[in-house]
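> Keeping their order, the protein sequence lines are chains A and B.
Residue numbers are given in this note's numbering: position 245 of the first sequence equals residue 245, and the series is strictly consecutive.
When you read off a place in the second sequence, starting at 1, and then add 1000, the result is the number in this note's numbering.
Don't be surprised by glycine CBs; every beta carbon is placed ideally from N, CA and C.
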Amino acid sequence: MSEKKFAGYICTGCGIGERLKTGQLENIAKKSKMGVVKQHPMLCSQEGVTMIHSDITNEKVTHIMIAACSRRAKVEAFNFPEVAMSRANLREGVIWSRPDGKEHQEGTQEMAADYIRMACAEVRSMTPPQPSGEQVLVKRLLVVGGGITGMTAALESAAAGYAVTIVEKSGALGGHAAEMSRRVPTRSPYAEPEDTGIAGMIVAISQNSRIEVLLNTTITRTSGAPGRFAVDLSSESGSTCTETFGAIVQATGFRPYDAAQLPELGYGKSPDVITGLELERLVKATNGGPIKRPSDGRVVQSVAFVQCAGQRSGKPGHLPYCSGFCCTASIKQALYFKTQNPGCDTTVLFSDLRTPGVSGEDFYRAGQEKQVTFSKGQVAGVIPGQTLTVKFKDLILNEDTTMACDLVVLATGMVPNSGPDPYAAEGSVSVPVPSILNLEYRQGTDLPHLKYGFVDSHFICFPYETRRTGIYAAGPVRRPMDMKQAQDDATGAALKAIQAAENAGKGMAAHPRSGDLSFPKFRKEGCTQCKRCTVECPFGAINEDENRYPVFNESRCRRCGTCMGACPVRVISFENYSIETVGQQIKNIEMPDADEEKPRILVMACENDAYPALDMAAMSGIHISPYARIVPVRCLGSVSLNWITDSLNAGFDGVILMGCRKDEEYQCHYVRGSAIAHERLSKVGDTLQGMSLEVERVAVHEVAITDIGRAPRIINEMADLIGKIGLSPLKF
Amino acid sequence: MTEVIATNETILVVGGGISGMTAALEAAETGKRVVLVEKRPYLGGRVSQLYRYFPKLCFPTCGLEINQRRAKMNPNLTILTMAEVTDISGQAGDYTATVKLAPRFVKDHCTACGACGEAVTQKFDNEFDYGLSKRKGAYLPHRMAHPQRYVIDPRIIGTEEGEKAKAACKYNAVDLDMQEESIQFKAGAVIWATGWQPYDANKIQPYGYDRIKNVITSVEFERLCDPTGPTGGKLVRPSDGREAKRVAFIQCAGSRDRNHLLHCSRICCMATLKQTTYVTEAWGNTADVSVYYIDIRAIDRFEDFYAKVQANPQVKFIKSKVASIVEDRGTGNPVLHGVDTEGYRRYADAHDLVVLAVGMQPSVDADRFPVQIRLNSEGFIEAAPENGGVFAAGCASDALDVNRAVQHATAAALRAIQVVNRVAGVEG
């Protein structure tokens, strides 16, 4: 960009013109170096927008300041991607947040004047994001794991025109599903077990020119970023090749729970106590013939299925969770026996039968119609013998009882086949697991775990909100699931991988700041190699070079700014969000003299939750103190302590930070941003005392988007507090 | 006349709830042109009416804010609200959609300044609160409604109220003469994401929803507990505004039942477990919650949440299909009758409030589908080759929770992209 040319636009609509002296605001904008300042009665109208467009085209305006409604409103109208833009929130932020009436006029006008100064200062420090030159468009995808999830991800990506490489560590595709006799029905009327379809998928893959399959192969190194992942693929024979991929789907599935940990259920004591997966192999081997028990080859005449074996239990060695697939799997397996031999006694012992949805409940009913017995009972033990004795508590009759049977099938669960958790607390891992991805990342070799080893996203509305950009987990490694869900999941993950590769090629951020073209810029000369940015980045986006300088990887970055907040020497910034864009806003807030008795409170509010809550409070007519000045921030993690100390030194009487919930149920979409801000702030007390300031002058709060009443109250209580403890002694 | 620019490389998404929004945004963020058609005046669908999500107890509006920001920023996405697809003809890669647009009586340039809402006085049942509160005839459906534009209730058109709304608007955005229109445009693939509706509780006669004021549905209970809801989040019962501390939840109300919905609606167990926390959070150890259930289906990691609720002494679980509810005339208390199947105890238990965990049924009746599609016996869309380039997303395909619906919708976006990429001849 050659020459910067600034313009300011002040809307007088929606009551702004009636409530505020806009002529004065216009003068302030001019004084704040806006070369042209225009007022418009309805800036968001076609006429208003055209006026701005024409200034951009004809007057070569490069930076615009729009003073109108909240930056969350009229986004489509005020859309000028070719220039730098800031917005002063005069509607929600000022006139709707303040009572009307003469006695309030002065404070309200001062608020508006400051927001104009702030927005002008902000835009003066901004530049429209420019491509870094780092963008690479590589469309080939890597799918790790050749089970049903991985195969589905590959086939679905290929069907959209993308080339895929499947890496499978074993010698064949198909995974656990290939060992199964049949699968739970996926088509109406959901009554009979279906063909697994695995053989057909393997054929389809072998015939698909877009899909490459590498068997007996593991990943020995993954470096780079979305759009340019360089992956070392090592075969069993010892040869290694390096291939480049745009994005990765991790479909490494599950390991069956080790039933040897269930001796009380007879496993290992009698060959006729087997797991569900072992039964599948047994049935598959019969090739449609009668199902015979392992011990003596006798045709099974009675079978008991023990649900939740080693699951949903707090006992050591058991799985605390429900694996989700076992109830329908046991019904399916009971039907294997019924199909072969309708007279076979099949009993499912369960505590809650979990067959959700249409297909689940229909299939449950089909089992009942075929005389499968379902008993609500808690199994206490299985006694081995010629005939097995199952001891259980009948929960309906409320009595301890037994049943005899030829075969016992334990419905054991899924253990995720994930790599080591980069954030596992030291000493918490007893048996080390080998890495799957071998990521060359500063923050560990594999995807972070959420719970119980699953690498799920923490967000209900965003199941693919991964913590390693461009790497998407799918299937039972993400959370326990059945084959149907795993196939949907694989397809969803494939879409996200395609999207990550495409957008990396354009330099665009991934969710939640999708489309953002800015990225962290780093001034190496000033860096002290303190490593805070590399340690704190929630997405493991920053590596370190041999001299311990940070190495930013643009397409791994989610643009939260946590690195910027971490940097004590202010050398990390984004083009449109930086130490300067916020620092200058704070500097340009006019600080009244001490004798004016007008405190100033700086509020830094998370743009996703706290800021909308304040907007909605304004829409609801809830008023805030005229002394507050609110600055939206991308995330509390991006807040630099410099902003806080600078503002206190400048005479601010109070500083409030509002961010998202930070504990294990965190709502911060940058994972640790809010938590990190709280940690940083906990150390500010000493600084404040060093400045002879009361520690209460700086506060950090968890604020949810629903805190429509509470968010303004926090501000007003700070104003009351300042009323009590007095103005800052640091005012001039 | 509303103009929509679309080609046979455009993806049409029908339904703007969480599934439709997700499918539309994921496709648009992969660079595809998308037209999103929503029947309501705003996006977000049923999740926008929920107070919290299970199992995190976080707020649906948090995700809605992100999704709406994505929608506002994305140049590939066109949103049509108050719009319904009436016909889809053609085949995969070459569909023509006909969309009926109901008049909003407010033009696109509305600033949501609120003047029309202040000018009118007449009030109507607020659909956003399932009729538990009133709203005006010129209204913003809720505080986060996107598009952020007012709506004029057709019932004030031709009345003095309508004229008041028009006169109040400085920006000439109120258009009382706006007419219904029907438009046509092309699409290569269609994502059907029309979601679900709560099963009509009036049909479960023994539970007296239509007769007993203190018997409400689970979706109404969400509004009742929401701080932005009809009672400001105060947990009081409808009949007399008294605090509701003894609350019963009846599971499978109209689900897993030959007389009603055959299927299990999947979400109700977890939704109830979540709702028990609203009661225990409001009243602490004076809360008295009973859950009447057949099976508690807290699958996969949800088990943790079930364990947490079970550990709360204020919540008891009774394995029983409640036989009937009778109102105690003196107190207004609903009295539940039935047998506890664990131990065969007969009960007649009085509660302050009863919440029916009503099931999910598809929003679109089988005979009203504007396109050839394969439905299962419960009316949900089944994936099938004969569906061509039409793909279900979310609860149009099955009873799903939000997480699974979003997962499913993301997958649907890829299936639609496969079709339009074939049309465009895209090679990866």
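Does the separation of the CB atoms of B/Asp-1352 and B/Arg-1211 fall below 9 angstroms?
Contact flag unset, no.
> List the whole-angstrom C-beta distance separating A/Gln-378 from A/Lys-393, where the pair is believed to meet the contact cut-off of C-beta under 8 angstroms.
With 8 angstroms as the limit, A/Gln-378 and A/Lys-393 qualify as a contact, their Cβ atoms being about 5 angstroms apart.
> Buried or exposed for B/Arg-1237, please, with buried defined as at least 16 other CB atoms from any protein chain shown within 10 angstroms of its CB.
B/Arg-1237 comes out buried.
> Between the segment 1015–1033 of chain B and chain A, which residues of the former have CB atoms less than 7 angstroms from a CB of the latter, in chain order?
Residues Ile-1018, Glu-1026, Glu-1029, Thr-1030 and Gly-1031.
> How should B/Asn-1403 be labelled, buried or exposed, when 16 other C-beta atoms within 10 angstroms of its C-beta is the threshold for buried?
So B/Asn-1403 counts as buried.
> Measure the CB-CB distance between A/Ile-205 and A/Met-118 and report whether it falls below 9 angstroms.
In this structure, A/Met-118 does not lie closer than 9 angstroms to A/Ile-205 by Cβ.
> Do you know how far the Cα of B/Leu-1273 is from the Cα of B/Glu-1220?
So the two alpha carbons sit approximately 16 angstroms from each other.
> Check whether the segment 1261–1270 of chain B touches the segment 1345–1362 of chain B, counting contact only when three or more Cβ pairs, one atom from each stretch, lie closer than 8 angstroms.
Output reads yes: the segment 1345–1362 of chain B touches the segment 1261–1270 of chain B.
> If you measure from the beta carbon of A/Gln-130 to each beta carbon in chain B, is any gap under 9 angstroms?
For A/Gln-130, the answer is no, since every Cβ of chain B falls outside 9 angstroms of its Cβ.
> In chain A, which residues lie with their C-beta within 9 angstroms of the C-beta of B/Pro-1141?
Per Cβ cutoff of 9 angstroms: no residues; B/Pro-1141 is ~13 angstroms from chain A at best.
> Taking a contact to mean a Cβ-Cβ separation below 9 angstroms, would you say A/Gly-200 touches A/Ser-170 in this structure?
Against a cut-off of 9 angstroms, the Cβ pair of A/Ser-170 and A/Gly-200 comes out as no contact.
> Can you list, in chain order, the stretches of the beta strand (DSSP E) that have 3 or more residues and sit fully within the segment 1055–1116 of chain B?
Runs found: 1077–1080, 1083–1091 and 1094–1101.
> A/Arg-468 and A/Asp-516 - do their beta-carbons sit closer together than 9 angstroms?
No, Cβ-Cβ distance for A/Asp-516 and A/Arg-468 is not below 9 angstroms.
> What does A/Ile-624 reach in chain B if we use C-beta pairs closer than 9 angstroms?
Near A/Ile-624 there are no residues of chain B at all, since even the closest Cβ is about 17 angstroms away, more than 9 angstroms.
> Which residue comes first and which comes last in the alpha helix (DSSP H) that contains A/Thr-581?
Looking at the DSSP string, the run of the alpha helix (DSSP H) that includes A/Thr-581 is 579–587.
> Thinking A/Ile-601 and A/Ser-625 are a contact (beta carbons under 8 angstroms), I'd like their distance in whole angstroms, please.
A/Ile-601 to A/Ser-625, Cβ: 7 angstroms. Contact.
> Under 7 angstroms, CB to CB, which of the residues in the segment 1382–1403 of chain B have a partner in chain A?
Per Cβ criterion, the list reads Glu-1382, Asp-1398, Ala-1399, Val-1402 and Asn-1403.
> How big is the Cα-Cα spacing for A/His-176 and A/Ile-715?
Whole-angstrom Cα-Cα distance: 57 angstroms.
> So who's on the other strand from B/Ser-1182, going by DSSP bridges?
Bridge partners of B/Ser-1182: B/Lys-1100.
> Please list, in chain order, the chain B residues whose beta carbon lies closer than 8 angstroms to that of A/Gly-324.
Here the neighbours are Ile-1299 and Asp-1300.
> So, is A/Leu-137 buried or exposed, given that buried needs 16 or more other C-beta atoms within 10 angstroms?
Exposed, because fewer than 16 other Cβ atoms sit within 10 Å of the Cβ of A/Leu-137.
> Please tell me whether A/Ala-610 and A/Val-631 are closer than 9 angstroms, where the distance is taken between their beta carbons.
Not a contact, by the Cβ cut-off of 9 angstroms.
> Measuring CA to CA, which of A/Ala-497, A/Phe-305 and A/Arg-312 is closest to B/Phe-1305?
Closest option to B/Phe-1305, Cα to Cα, is A/Arg-312.
> Among A/Gly-726, A/Ser-375, A/Gln-105 and A/His-669, which residue has its Cα nearest to the Cα of A/Gly-651?
If we check each option's Cα against that of A/Gly-651, A/Gly-726 comes out closest.
> Identify the contact partners of A/Glu-361 in chain C, using a Cβ-Cβ distance below 7 angstroms as the criterion.
In the structure shown, chain C does not exist; the protein chains are A and B.
> Distance, Cα to Cα, B/Ser-1324 vs B/Val-1335?
Each residue's alpha carbon lies about 8 angstroms from the other.
> In the DSSP assignment, the alpha helix (DSSP H) including B/Arg-1346 goes from what residue to what residue?
No alpha helix (DSSP H) holds B/Arg-1346; the beta strand (DSSP E) holding it covers 1345–1350.
> Comparing alpha-carbon positions, which option in A/Ile-148, A/Gln-207 and A/Ala-7 lies nearest A/Ile-198?
It is A/Ile-148.
> Hey, could you find the ends of the beta strand (DSSP E) A/Leu-602 is sitting in?
Start and end: 601–606.
> For A/Tyr-9, which three-state DSSP category applies?
Here A/Tyr-9 sits in strand by DSSP.
> Please report whether the beta-carbon of B/Asp-1295 lies at a distance below 9 angstroms from any beta-carbon of chain A.
So, interface residue.
> Note down, in chain order, each residue of its chain lying with its Cβ closer than 6 angstroms to the Cβ of A/Gly-723, except the 5 sequence neighbours on either side.
For A/Gly-723, where only same-chain residues beyond five positions count, there are no Cβ hits under 6 angstroms.
> Do the segment 409–416 of chain A and the segment 266–285 of chain A meet, that is, are 3 or more Cβ pairs less than 8 angstroms apart?
Because the criterion of three Cβ pairs below 8 angstroms is met, the segment 409–416 of chain A and the segment 266–285 of chain A touch.
> So that I know if they touch, is there some Cβ in chain A lying closer than 9 angstroms to that of B/Thr-1280?
By this cut-off, B/Thr-1280 is not an interface position.
> Quickly, what does DSSP pair B/Val-1326 with across the bridge? List them, please.
In the DSSP output, where bridge partners are listed per residue, B/Val-1326 has B/Val-1335.
> Can you give me the C-alpha to C-alpha distance between A/Ile-52 and A/Ile-219, rounded to a whole angstrom?
Spanning the two alpha carbons is a distance of roughly 53 angstroms.
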